[in-house]
Amino acid sequence: MRFPIVLIFSFFLIYSLLNLSACQEKAEVNLPKEPIPYKTLPDFICAHGDLAFDSIDIQTFEDGSHFSITFLSGGQPHGQQLIYYENGEIKTRRHYCLGEINGPFTNYYEDGTIQVRGYYHEGRMSGSWHFYYPDGKPKEVVYFIDNEERGPFREYHKNGQLKASGYYIGEDREHGLLYLYEEDGELKRRMRCNNGICFTISS
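Position one of the sequence shown corresponds to residue 144 (our numbering), numbered consecutively onward.
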C-alpha cells in the first residue's frame, strides 16, 4: 500500500530551492540509499512553458521509504518523476510536460545499473533507445518513431559481440538485409527480409 502526501510550497521556498539546485550537480546513477526528495529540481525542456511547479507528490512504501516523487503543476506531472525500489535505489527517472511524458527516460536495475535509456517526444518513444544487460554491457540499440521500432537496430550477445543487425519498418518487422552473428563475432547467416518475412541468402 502507498500513502500520498502532497506538499504545497510557498514562493519563498521555491525560490530558495531553485538557488540551491543551481549549485549542485545531479548524479544520473547510484543516488544515495536515503533519497533526498528536494535535492535537485527538474532539468528538462518543456515546450509549454518554464520549469515552474506548484506542488510535489510523494508516494511511500508501507515502511515510509519513498516509492515515487513527482513534481506537479496544476495537479499534473510537470518536470522530473523518480520511482524507487524498496532498497532505496532509483528504478525509473522520467520527465513530464503538463501531464505528458516528454524528455529523457532512464530505467535502472535494482543495483543502480542502467537497464534502458531513451527519449520521449510528446508522449511517444522517439529516437535511439539503448537496452543493457545487468552487467552494463549493451543488449540492443533500436530506433523508435511514434512508439514503433522504425529504423536500424543492433542486438548483442552477453559477451558484447554483435548478435544481429538490420532494419525495422514498424511492428517488429524486419526489412532489407538482416545479419546474424555467432557469439565469437563470426557471421552466421545473411537474410533478406520483406515486411517481416525473411529468407536466408547465405550462411
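Yeah, the Cβ is synthetic: ideal placement off N, Cα and C, and Gly gets one too.
Would you mind reading off the limits of the beta strand (DSSP E) that contains residue i?
{"i": "residue 241", "result": "Where residue 241 is concerned, there is no enclosing beta strand (DSSP E), given that its DSSP letter is neither H nor E."}
{"i": "residue 210", "result": "209-216"}
{"i": "residue 267", "result": "267-275"}
{"i": "residue 203", "result": "198-203"}
{"i": "residue 343", "result": "340-345"}
Could you say which of the options lies nearest to residue i if we only look at CA atoms?
{"i": "residue 246", "options": "201, 222, 281, 228", "result": "222"}
{"i": "residue 239", "options": "272, 253, 227, 216", "result": "216"}
{"i": "residue 330", "options": "244, 196, 345", "result": "345"}
{"i": "residue 267", "options": "280, 244, 257", "result": "244"}
{"i": "residue 264", "options": "207, 202, 201, 237", "result": "237"}
Going by beta-carbon coordinates alone, are residue i and residue j separated by less than 8 Å?
{"i": "residue 327", "j": "residue 304", "result": "yes"}
{"i": "residue 291", "j": "residue 314", "result": "yes"}
{"i": "residue 287", "j": "residue 269", "result": "yes"}
{"i": "residue 310", "j": "residue 294", "result": "yes"}
{"i": "residue 208", "j": "residue 225", "result": "no"}
{"i": "residue 280", "j": "residue 299", "result": "yes"}
Near residue i, what residues of its chain come up, given a Cβ to Cβ distance below 6 Å and the 5 sequence neighbours on each side ignored?
{"i": "residue 274", "result": "259, 282, 283"}
{"i": "residue 285", "result": "272, 292, 296"}
{"i": "residue 323", "result": "307, 331, 332"}
CB-CB under 8 Å to residue i, same chain, minus the five flanking residues each way: which ones, in chain order?
{"i": "residue 341", "result": "317, 321, 334, 335"}
Near residue i, what residues of its chain come up, given a Cβ to Cβ distance below 7 Å and the 5 sequence neighbours on each side ignored?
{"i": "residue 219", "result": "241, 242"}
{"i": "residue 228", "result": "234, 253"}
According to DSSP, which residues form a beta bridge with residue i?
{"i": "residue 317", "result": "311"}
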